[in-house]
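Residues 397 to 829 in my numbering are what the sequence shown spells out, letter by letter.
Cβ coordinates follow ideal geometry from the N, Cα and C atoms, glycine included.
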Amino acid sequence: MPDRLAVPVREAEVVADVDVCVAGGGPAGLGAALAAARLGARVCLLERHAFLGGNFTAASVGTVCGLYVSEGDSFSYVTRGIAEEVAEALKAQGSAFGPMPFKGTAVLLYVPWAAKRLFDHLATDEERITLFLHALVADVVRDGDRLEAVVVATKRGPQAVRARTFVDATGDADLVVHAGAPWTIGDAGQRQYASMQFVMQHVDVGAAMAAGLDTLGKLIADHGGHLSRDSGAVLPTLRPGEVIGAMTRVRAADGGPLDVTDLAQATYGELEGRRLAEEAAAFLIEHMPGFDDAFLADTAPTLGVRETRRAVGEYVLTGDDVSGLARFDDAVAAGAWPREYHVTGRSTEYVSLPEGGWYQVPLRSLRPRGLANVWVAGRCISADHDALASTRVMAPSMALGQAAGTAAALGARGDGSVASVQASLKEQGAFLG
Ligand SMILES: Cc1cc2nc3c(=O)[nH]c(=O)nc-3n(C[C@H](O)[C@H](O)[C@H](O)COP(=O)(O)OP(=O)(O)OC[C@H]3O[C@@H](n4cnc5c(N)ncnc54)[C@H](O)[C@@H]3O)c2cc1C
Numbered sequence: 397m398p399d400r401l402a403v404p405v406r407e408a409e410v411v412a413d414v415d416v417c418v419a420g421g422g423p424a425g426l427g428a429a430l431a432a433a434r435l436g437a438r439v440c441l442l443e444r445h446a447f448l449g450g451n452f453t454a455a456s457v458g459t460v461c462g463l464y465v466s467e468g469d470s471f472s473y474v475t476r477g478i479a480e481e482v483a484e485a486l487k488a489q490g491s492a493f494g495p496m497p498f499k500g501t502a503v504l505l506y507v508p509w510a511a512k513r514l515f516d517h518l519a520t521d522e523e524r525i526t527l528f529l530h531a532l533v534a535d536v537v538r539d540g541d542r543l544e545a546v547v548v549a550t551k552r553g554p555q556a557v558r559a560r561t562f563v564d565a566t567g568d569a570d571l572v573v574h575a576g577a578p579w580t581i582g583d584a585g586q587r588q589y590a591s592m593q594f595v596m597q598h599v600d601v602g603a604a605m606a607a608g609l610d611t612l613g614k615l616i617a618d619h620g621g622h623l624s625r626d627s628g629a630v631l632p633t634l635r636p637g638e639v640i641g642a643m644t645r646v647r648a649a650d651g652g653p654l655d656v657t658d659l660a661q662a663t664y665g666e667l668e669g670r671r672l673a674e675e676a677a678a679f680l681i682e683h684m685p686g687f688d689d690a691f692l693a694d695t696a697p698t699l700g701v702r703e704t705r706r707a708v709g710e711y712v713l714t715g716d717d718v719s720g721l722a723r724f725d726d727a728v729a730a731g732a733w734p735r736e737y738h739v740t741g742r743s744t745e746y747v748s749l750p751e752g753g754w755y756q757v758p759l760r761s762l763r764p765r766g767l768a769n770v771w772v773a774g775r776c777i778s779a780d781h782d783a784l785a786s787t788r789v790m791a792p793s794m795a796l797g798q799a800a801g802t803a804a805a806l807g808a809r810g811d812g813s814v815a816s817v818q819a820s821l822k823e824q825g826a827f828l829g
């Protein structure tokens, strides 16, 4: 039994009193805050890091997945609305390139730094959004089945944000957990592993790309038995001589997947991630064409985490729903990314959807059980491990955020009904099917 002590009850200054409070400023939280503000709600967006974007920026993932569905020889957007707006804005400023064909679908390559600045502008251009960075939501104030406020840990002690409705876009279901509502986390065999992305500069990108996409896997098979993964990619950022390395698998000290809600494991993961990044960069310099004069410029600002806690909602989306291209009467988003698994062992597995196919996500998967004024979005929606393997990527996360923000804004006005949410999303240009 761990040692425990009572923490004195303290009062918290209320620093914002709004219609909609969004916790977490990753792809889902950004989508939620923008959608709610554009519907006229006064929004407070809370982000624990110094910048917005979540894994988009903090983990430097390097490609936006799940934007497109294949249409024979070409691709069209399956996640429209805010996800499409972000993709087109990055492309318009020369900071993104795509669709790039990949595994029967396609991705958008982008520059993480450019995304960081775009998100600064998107959030601050909406005058109804109050943005607080360095704002870790550490608790909630609950009254019956409703949240009244969230409590933010700050240098000045606890501060509170009061709201009519809330969106949990923390990726780890922090609001749901603090509220005492049902949540789940996959056991070791059912949880995706984390990765540490890294940036290399002074690369001869032309030579690296000319070697072909399969080269890295072959080189790892021949010389890289010591590396943490047997495959991966080097992703051009579109800036001269620069690539992002996506080729680490960060395991906990016991070899299993990390649970980064545990301080000791989170710390271990960051340190181990940087060690593995260094190891992978050294391998590229030694073996990969175009890397002779390259150097490891930096690792991503934080470890990239794919799967932790998620809400148990009114409906749990399943892997069969995703692969069976499910349709729902209360659909609020669509997705088309394959089920992508970074699990035990060194390989990464993809389970493709039927060609040209897409599935829907119901509003019920965004409704945590037992909480009347909370919606969840992004990688902490109510989904099983196999559904999450597809829905967790960034374009569907933005679409789920847009849906949750819409429901929360309408809910704050007293009409969060399925029909109203769907009508509003269609008006906003989101694709539900
Ligand atoms: C290494 C790696 C590579 C990936 N590659 C790709 C890829 O190439 N393409 C792709 O589309 N997807 C990729 N993904 C998946 C994708 O990045 C994420 O699943 C997606 O970002 C989920 O969005 P989200 O907003 O739900 O969560 P996150 O991106 O995790 O964002 C959550 C945000 O909430 C903040 N937060 C958390 N807790 C609190 C709190 N208590 N208070 C305040 N703020 C809080 C976090 O700081 C973060 O900004 C990858 C993921 C990883 C880890």
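{"Asked": "In terms of residues, what are the limits of the beta strand (DSSP E) holding W579?", "Found": "579 to 581"}
{"Asked": "Any idea what DSSP makes of W541, helix, strand or coil?", "Found": "Just to set this straight, residue 541 is Asp in the shown sequence, not Trp. Three-state DSSP puts D541 in coil, outside helix and strand."}
{"Asked": "With H, G and I counted as helix, E and B as strand and the rest as coil, what does DSSP make of F562?", "Found": "strand"}
{"Asked": "Using a Cβ distance threshold of 8 Å, determine whether the stretch 624 to 635 contacts the stretch 735 to 750, with at least three qualifying pairs required.", "Found": "yes"}
{"Asked": "Kindly indicate which residue of V599, A575, E523, A729 has the alpha-carbon position closest to the one of L543.", "Found": "A575"}
{"Asked": "Any heavy atom of ligand 1 closer than 7 Å to the Cβ of T459?", "Found": "yes"}
{"Asked": "In whole angstroms, what is the alpha-carbon distance linking K487 and A642?", "Found": "22 Å"}
{"Asked": "Going along the chain, which unbroken runs of the alpha helix (DSSP H) with 4 or more residues stay wholly within the stretch 734 to 780?", "Found": "none"}
{"Asked": "Compare the C-alpha of E407 against each of E522, L441, Y473, V536 and name the closest.", "Found": "V536"}
{"Asked": "Please report the residue range of the beta strand (DSSP E) in which S472 lies.", "Found": "470 to 473"}
{"Asked": "Can you tell me which of P497, L442, R476 puts its alpha carbon nearest to the alpha carbon of G468?", "Found": "P497"}
{"Asked": "Following the continuous beta strand (DSSP E) through V414, name the residue where it begins and the one where it ends.", "Found": "409 to 419"}
{"Asked": "What does the alpha-carbon distance come out to for the pair S472 and V546?", "Found": "39 Å"}
{"Asked": "Got a sec: does ligand 1 put a non-hydrogen atom nearer than 7 Å to the Cβ of Y586?", "Found": "Position check: residue 586 holds Gln in this sequence, whereas Tyr was assumed. No, since every heavy atom of ligand 1 falls outside the 7 Å radius drawn around the Cβ of Q586."}
{"Asked": "Leaving out five residues before and five after G652 in sequence, what residues of the same chain have Cβ atoms less than 7 Å from its Cβ?", "Found": "A584"}
{"Asked": "For R765, which residues in the same chain have their Cβ closer than 7 Å to its Cβ, ignoring the five residues on either side in sequence?", "Found": "A577, P578, V708, G709, E710"}
{"Asked": "Buried or exposed, going by whether 16 or more other CB atoms sit within 10 Å of the CB of M684?", "Found": "buried"}
{"Asked": "Kindly identify the DSSP beta-bridge partner or partners of A556.", "Found": "V410, V547"}
{"Asked": "Within the continuous beta strand (DSSP E) that includes Q597, where are the two ends?", "Found": "594 to 597"}
{"Asked": "Whose CA, out of R705, M397, A791, V548, lies closest to the CA of L532?", "Found": "V548"}
{"Asked": "Give me the Cβ distance between F687 and L680, rounded to the nearest whole Å; I'm assuming they're in contact under 8 Å.", "Found": "5 Å"}
{"Asked": "Taking 8 Å as the cut-off, decide whether the C-beta atoms of T459 and V503 are in contact.", "Found": "yes"}
{"Asked": "Among E675, A559, V405, which one has its Cα closest to the Cα of I616?", "Found": "E675"}
{"Asked": "Does the beta carbon of R633 fall short of 7 Å from some heavy atom of ligand 1?", "Found": "One detail in the question is off: residue 633 reads as Thr in this sequence, not Arg. It does not: the Cβ of T633 is nowhere closer than 7 Å to a heavy atom of ligand 1."}
{"Asked": "Can you give the Cα-Cα distance for D413 and L828, rounded to whole angstroms?", "Found": "32 Å"}
{"Asked": "Is F452 near ligand 1, judged by its Cβ being under 7 Å from some heavy atom?", "Found": "yes"}
{"Asked": "Does the Cβ of G553 have 16 or more other Cβ atoms within 10 Å, making it buried, or fewer, making it exposed?", "Found": "exposed"}
{"Asked": "Within 10 angstroms of the Cβ of G621, are there 16 or more other Cβ atoms? Answer buried if so, exposed if not.", "Found": "exposed"}
{"Asked": "What does the Cβ neighbour count give for H738, buried or exposed, with the cut at 16 atoms within 10 Å?", "Found": "buried"}
{"Asked": "In whole angstroms, what is the alpha-carbon distance linking K479 and P398?", "Found": "As written in the sequence, residue 479 is Ala, which differs from the Lys given in the question. So the alpha carbons of these two residues sit roughly 44 Å apart."}
{"Asked": "Is V533 near ligand 1 - that is, is its Cβ less than 7 Å away from at least one heavy atom of it?", "Found": "yes"}
{"Asked": "Consult DSSP for P495 and reduce its assignment to one of helix, strand or coil.", "Found": "strand"}
{"Asked": "Can you give the Cα-Cα distance for S748 and V474, rounded to whole angstroms?", "Found": "16 Å"}
{"Asked": "Cβ of Q593 within 7 Å of any heavy atom in ligand 1?", "Found": "yes"}
{"Asked": "For T695, which residues does DSSP report across the bridge?", "Found": "F594"}
{"Asked": "Go ahead and label V410 buried or exposed: buried means 16 or more other beta carbons lie within 10 angstroms of its beta carbon, across all protein chains shown.", "Found": "exposed"}
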